[in-house]
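The structure appears below as structure tokens.
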Amino acid sequence: MKKDKVKKEKGSFKKTVNNNVYILKTIRKYSKWFIPLTALEATTHSIIIFLQHFWLLKVLIDCIQNKAPYTEILNYIVFVFVLVVIKYTIQYFYANYFKSKEAEKVYRGMRMTVYRKAVEIDIEKYDDPEFYNECVWSMNECAGQLEKTRFNIWRLFWNVTNILTTGVFIAVYNVWGLAFVALSFALNFWGNKKYNAHNYELDRELNPKYRKLDYMSRVFYLKDYVKELRLSNVRNKLSADYNETYGEISETVKKHSKWLMIWSFLTNYVFSVLLINGIYIVFLLYLAYKGEVTAGAVATLFLASRRLDDNLRGLSYTIPQFGQNSKYIEKMRTFLELTPDIVSPEKCAKIENGIGGFTLTNVSFAYPGNEQDTLKNISIDIKPGEKIAIVGHNGAGKTTLVNLLLRLYDPSEGEIIYAGNDIKNYDVEQYRSLFGVAFQDFQIFAGTVFDNIKMDVGETDTERFEEANRKSGFEEKLTSLADGGDTYLTREFGDGVELSGGEAQKLALSRIFYKDSKCIIMDEPSSALDPISEAHLNDTILNYAEGRTIIFISHRLSTTRVADRIFYMENGEIVESGSHDELMDLNGKYAYMFNLQAEEYRKGNEQS
Amino acid sequence: MSKEKAKKNNNKRNFIANNIYMLKLIAKISPARVAATFFDTFAVFFSRLFFNIFFLENLVDAIQGEKGFYDIVVFVAIFMGVFLLIQLYQSWYYNRYLPLSDLKITKEMNMLLYKKVLEVDISCFENKDFYDKYTVAASEASSRAITTLDNVSNIITAFISFGYLIGYMTSLDYLAPLFIIIPVTTTLITNKLINKYEHAHYLANVPFVRRIDCVNREFFLKKYSKDIRLSNVKNVLFDQYDEAVDGLYKNVDTFRRRKFASYITRTLICYPLTMQGAWAYISYKVISSETLGSGDFVVLANALINSTTMILDALNSVNESVAGSLYIDNFRDFMEYKPIIDENQKGLPVPENPVFEFKNVSFTYFGQEEPVLKDLSFTIPAHKKVALVGHNGAGKSTLIKLLMRFYDPTEGEILLNGVNIKEYDLQEYRKMFGTVFQDYQIYAFSLKENVLMDVYKPEDEERCRDAIAKSSLTEKVDSLPEKADSILLREYDENGVILSGGEFQKVAISRVFASNSKMMILDEPSSALDPIAEHEMYKTLSKTYTEGNGKSVLMISHRLSMAVSADMVILLSGGRIAEQGTHNELMALKGEYYDLFEHQARNYV
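This is the structure in structure tokens:
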């Protein structure tokens, strides 16, 4: 077990180097000079500080001891002064100009790459919450991670140059100093490793508990919960959980703090203060009393050894940072190296103009990680221009069927044919663009109304735009907006307009009408609409549907009645199919469901 | 309104007052923490002063022959002893005391906030400005409090050290203090300018940064993934991103020029001019003096550099306190907010058989001109089932909010058994209602506790099981590995159970069964249920409430089928009651209700 760990650590060292090289190469792709100039800046900064604080000190001491003329002293001082002024001027431009601009360039390059990948990867990757959190969602921090890389490089060069300059300086005066510093460094390195191991253990135990605490806090302060908190006693439960978790965290901290205290005391006191400022100083004093070194030298050596010690400890902090960074880079690489399963073939079949029909042959599908098939052996035929309704219980597989038709997922078994070709033979983007889709959970993007209806850049076809809004009923809302189609939607940034549920749904329909697709898919499109709007929508779609294929999913069977064919799904299978009248005559599950819904309405009508 | 806002901004409390306010708050939570932090800061300053000035000075003096070797070894040993104590203290402070104390402060601050959250008017949560400010206040409260303490103790210790150093320098040479006073004054002045530009730069960047964040979210959040794949909206997002980057670029250029003069002045005066100037001065002194040697030169030169850097570092804390003050302002605004509706208001006990009467009730949302409800008058008799129907935006949800006293009417009054609802004990009044909201929430507790909405106690078992059965969840619950003890959601438990939308809604509905409410309010409860489940739900609801316990029910729905069996239907239209009566009466009227019903029913008949 212990051996394993050692092995793993060795492997991880190689990985760390590998990953950091990878990120440096990536950065170089977007900005050639970003990293070299950062390293150069750190090195010159370190050298200048060394000249300013140590070299000059030594030179001046020599001058004073040799009773050199004051003009010589002034010459040295002015020399350093000029260097420092030049340095700070250059540093200003580095920090406020070069760094900001180049960093933005690198972020942009990195983000664009990551975005392109995000669009490309299989949607299936979003279903595994762990993978999603680890590798997809964490990508939104890629810019911050690049800044960390830059800073690590800066620190590395800064520490190393400091160590080299100060080390040489000490060696020239008194080689023994180096031995003390080296001993202190080695002990510190060991102590820090021990300390970090305990700290890691502590963090590992605390993390889930903090997650719980964070959750409680969110419930207390997010507005989603505010009504229920006031109407129920759920706050008692929250407080109880909060206090319990709080107690657990305290206990965990207490359990681990003993070793943390011991190691922190050893590294901060015994291995550094006592060794360098105590024992080494006594040693130097001894030499001074023997007349081997001067008082001035003792003082400079003491200062230099403190600086060297600080930087060696700094280095022992900087190096693990590369390991930390490597973990993130690893995620980034995994993400960027994902190869989607749903891709266009090398030779794509041509999608003919006009509408084609769909044929599903023995299609089965299971979501990754699920043992049970969500769709089982489905074989259906959808003719061009047919109006299809899919109905059934929650979880019967209706939305999944639509997801397969859209090629958001590929079937586990069986095939889907569109216009004579397996849909896998078409160019993915081209194939998907055949459809106009309104999902139950469609989203409004932070952009203008134009953007949200066109869902693309470029010129707006005004006539088509107006026509689409007239059909969807969004026109009414649009005319009330001061900036019309240029109005910003959502409050994500700036003062955009927030649409109500019904308005947003109408906008989603405008998208479909504007796109003017051959095949329209609607997943519960009317759930947020009131009866009149719903009726209006039904009429519009029916009129519009002429010559187009329509597939819609609904709970409200009044909507689906007008379909040419209805598929009744249960447990991933199509158990009944036919027109409304046929299914009512069959008097099976569809008829039962329809009658249940109609019952109240019928009762209402009879009563009146 | 914008005028009012401007006035408020000018009235910002000053930063010293704000920092003191926060400090007092921490002192109240944990006086020991304040003392411990001050002691730690003091120890840090002491170490730096000591090592860089006195230790060195004593060494040089000793070597130059004023003390014997043995004496100086004793001196070193004594000070190693002092540092031993300091390091022992710091090891304890950072590794044991601080984490526990931080935890305690976080807890107490959160408790203060949570208590306040429950008192603040609900209307505030719908006011975006207030909510944004408040969310920041809430999420950062404890870390800000701790930073404030650190900053204040840094500033105070730095001031003490500053005073001491000036005195020390003067004792050596009456001109030496200038080498501290000049850079400190320069920094104070130029920092103000630089901060102004930095802040302006930051503000100018905000819209672009927010836009980039937003594009980020849209690319990576799961909910957008389908739309992005099925359309070319990615091009819109790419454009938005590029626009934002251009904006950031332009700002870099603009502000680089503006900051330059003050930045260069500060750097040159603080570093080369002061430091090399000081050395030039000291070396001159040493050379022209008979008694001073190279050792003294090192001591003096080093003392100057270190005390200057130390004080300059401490000045950063002043900057941070000023910046932190803005936050404390928000926090205080929130804590000092006086709610219009007092959540802890005591009053009359609530009656057994509630009769609600709306008398000429009108209501306008804050900041809006058009009233949402206009002159409503109607009565909800005890034990009756009332259906509230109407178009989107007709005011149905607002009416519910008024009834539950989340808002008070702008005009008119709501009476409960003849007495204005404002007269009743508010907590008790609210408990009269068992509510299923459209946007109900599920909590990461056990299923039982989600039903009870309280800590589970063994005596609740019966009530809980009953409620689960009534909302037809029993079958599902029995299929779960830990039955009703299963933890829901995966917020912090990897094995948490995720139910389907319909099942979660049933959990929400079961809460109403488990509560001792006198009136049940259902806001479109069936939107995620399939027809069969919906039918069962209404059957259960009507059985329990209209036939069984005889409690009042108020239902809001788009679907008119449920209105048929209601005792009374209220049709809202444009904030007014358009029609009111039983289903049959309204159908006979052949008005708006009739139209609506026909539209929906035509496909069923």
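Heads up: the sequence lines are chains A and B, in that order.
When the first sequence is numbered by the numbering used here, its final residue is 608 and no position is left out of the sequence of numbers.
When the second sequence is numbered by the numbering used here, its final residue is 1605 and no position is left out of the sequence of numbers.
Beta carbons: idealized from backbone N, C-alpha and C, even for Gly.
- prompt: If you count every other CB in all the chains shown that lies within 10 Å of the CB of B:ALA1588, and 16 or more means buried, which is it?
  reply: Counting the other Cβ atoms within 10 Å of the Cβ of B:ALA1588 gives fewer than 16, which makes it exposed.
query: What is the rounded straight-line gap between the Cα of A:PRO69 and the Cα of B:TRP1279?
result: Going from the Cα of A:PRO69 to the Cα of B:TRP1279 covers about 15 Å.
Any chain A beta carbon closer than 7 Å to B:THR1274: For B:THR1274, no Cβ of chain A is located within less than 7 Å of the residue's own Cβ.
task: State the beta-bridge partners of A:MET455 as determined by DSSP.
output: Partner(s): none; A:MET455 has no beta bridge.
task: Select from the region 1211-1232 of chain B all residues with a C-beta closer than 9 Å to any C-beta belonging to chain A, and list them in chain order.
output: Listed by position along the chain: ARG1211, ILE1212, ASP1213, CYS1214, VAL1215, ASN1216, ARG1217, GLU1218, PHE1219, PHE1220, LEU1221, LYS1222, LYS1223, TYR1224, SER1225, LYS1226, ASP1227, ILE1228, ARG1229, LEU1230, SER1231 and ASN1232.
message: So, with DSSP's three-state summary, where would you put A:ASN66?
response: The answer is coil: DSSP assigns A:ASN66 none of H, G, I, E or B.
message: If the criterion is Cβ atoms closer than 7 Å, does the pair A:PHE81 and B:PRO1272 meet it?
response: The Cβ atoms of A:PHE81 and B:PRO1272 lie closer than 7 Å to each other.
- request: Output, in chain order, the set of chain A residues within a Cβ distance shorter than 9 Å of B:SER1608.
  value: This structure gives no information on residue 1608 of chain B, because the portion of chain B shown stretches from 1001 to 1605.
task: Find the nearest neighbour of A:GLU415 within the set A:VAL181, A:ASN196 and A:LEU360, judged by alpha-carbon distance.
output: Of the listed residues, the one whose Cα sits closest to A:GLU415 is A:LEU360.
message: Taking only three categories from DSSP, how would you classify B:GLN1580?
response: Collapsing the DSSP output to three states places B:GLN1580 in a strand.
query: Mind checking whether A:MET584 and A:PHE335 have CB atoms under 7 Å apart?
result: Against a cut-off of 7 Å, the Cβ pair of A:PHE335 and A:MET584 comes out as no contact.
field: DSSP state of B:LYS1685 mapped onto helix, strand, coil
entry: No answer is possible for residue 1685 of chain B: the residues shown for chain B start at 1001 and end at 1605.
query: With DSSP run on the structure shown, which of helix, strand or coil describes A:LEU481?
result: Coil at A:LEU481, not helix or strand.
message: Is A:GLY354 close to chain B? Criterion is C-beta to C-beta, closer than 7 Å.
response: Cβ-Cβ to chain B under 7 Å: no for A:GLY354.
field: CB contact check: B:LYS1038 to chain A, cutoff 7 Å
entry: Note that residue 1038 of chain B is Phe in the sequence shown here, rather than Lys. Using beta-carbon distances, B:PHE1038 does not count as an interface residue toward chain A, since no partner is under 7 Å.
The region 1376-1384 of chain B in contact with the region 1346-1365 of chain B per 3-pair CB rule at 8 Å: Cβ pair count under 8 Å is three or more, so yes.
message: Given a cut-off of 7 Å on the beta-carbon distance, is the pair B:LEU1572 and B:GLY1390 in contact?
response: Cβ distance < 7 Å, so B:LEU1572 and B:GLY1390 count as in contact.
- prompt: In whole angstroms, what is the alpha-carbon distance linking B:THR1106 and A:SER217?
  reply: Straight through space, the alpha carbons of A:SER217 and B:THR1106 are spaced by roughly 11 Å.
message: Run through chain B and tell me which residues come within less than 7 Å of A:MET139, C-beta to C-beta.
response: Neighbours of A:MET139 on chain B, chain order: PHE1220.
message: I need the DSSP call for B:THR1435, collapsed to helix, strand or coil.
response: Here B:THR1435 carries a strand assignment [DSSP, helix/strand/coil].
- prompt: Any beta-carbon of chain B closer than 7 Å to the one on A:PHE271?
  reply: Using a CB distance cut-off of 7 Å, A:PHE271 does not count as an interface residue toward chain B.
message: Run through chain B and tell me which residues come within less than 8 Å of A:LEU231, C-beta to C-beta.
response: Near A:LEU231 (Cβ distances below 8 Å), the residues of chain B are MET1404, ARG1430, LYS1431, PHE1433 and THR1435.
First and last residue of the uninterrupted alpha helix (DSSP H) at A:LYS193: Counted as a single uninterrupted DSSP element, the alpha helix (DSSP H) harbouring A:LYS193 occupies residues 175-221.
field: Beta-carbon spacing of B:THR1364, B:THR1410 below 7 Å
entry: Yes, Cβ-Cβ distance for B:THR1364 and B:THR1410 is below 7 Å.
field: Rounded Cβ spacing between A:ARG230 and B:ARG1430 (contact assumed at less than 8 Å)
entry: Your pair A:ARG230 and B:ARG1430 checks out as a contact, with CB atoms roughly 6 Å apart and the cut at 8 Å.
Minimum Cβ-Cβ distance from A:LYS387 to chain B less than 7 Å: Taking CB atoms only, A:LYS387 has no neighbour in chain B less than 7 Å away.
message: In chain order, what are the residue ranges of uninterrupted beta strand (DSSP E) at least 3 long that sit wholly in the region 488-524 of chain A?
response: With a minimum length of 3 residues, the continuous beta strand (DSSP E) runs that stay inside the region 488-524 of chain A are 519-523.
message: Between B:PHE1046 and chain A, is any beta-carbon pair separated by less than 7 Å?
response: Chain A places no beta carbon closer than 7 Å to that of B:PHE1046, leaving this residue out of the contacts.
task: Count the other C-beta atoms from every protein chain shown that fall within 10 angstroms of the C-beta of B:ILE1498, then say buried if there are 16 or more, exposed otherwise.
output: Around the Cβ of B:ILE1498, a 10 Å sphere holds fewer than 16 other Cβ atoms; the residue is exposed.
task: Determine contact between the region 419-432 of chain A and the region 340-352 of chain A, defined as no fewer than three beta-carbon pairs at a distance below 8 Å.
output: Using a Cβ-Cβ distance cut-off of 8 Å, the region 419-432 of chain A and the region 340-352 of chain A are in contact, since at least three pairs of beta carbons, one from each stretch, lie closer than that value.
message: So, with DSSP's three-state summary, where would you put A:TYR367?
response: Three-state DSSP puts A:TYR367 in coil, outside helix and strand.
- request: Please classify A:ASN403: does DSSP put it in a helix, a strand, or coil?
  value: Assigned with DSSP and collapsed to three states, A:ASN403 falls in helix.
task: Taking a Cβ distance cut-off of 9 Å, strictly less, list which residues of the region 1296-1314 of chain B are near chain A, in chain order.
output: Near chain A, meaning a CB-to-CB distance below 9 Å, the residues of the region 1296-1314 of chain B are ASP1296, PHE1297, VAL1298, VAL1299, ALA1301, ASN1302 and ILE1305.
message: So, at 6 Å on beta carbons, what are the nonlocal neighbours of A:ASP461 in its own chain, with the 5 sequence-adjacent residues on each side left out?
response: Shown here for A:ASP461: not one same chain residue has a beta carbon closer than 6 Å to its own, the five before and five after excluded.
Partners in chain A for B:THR1267, counting only beta-carbon separations shorter than 7 Å: TYR88, listed in chain order.
- prompt: In chain order, what residues of the same chain lie with their CB nearer than 7 Å to the CB of B:ASN1205, ignoring the 5 residues before and after it?
  reply: If the five residues before and after B:ASN1205 are omitted, its C-beta is found closer than 7 Å to the C-beta atoms of LEU1248 and ASN1251, all from its own chain and listed in chain order.
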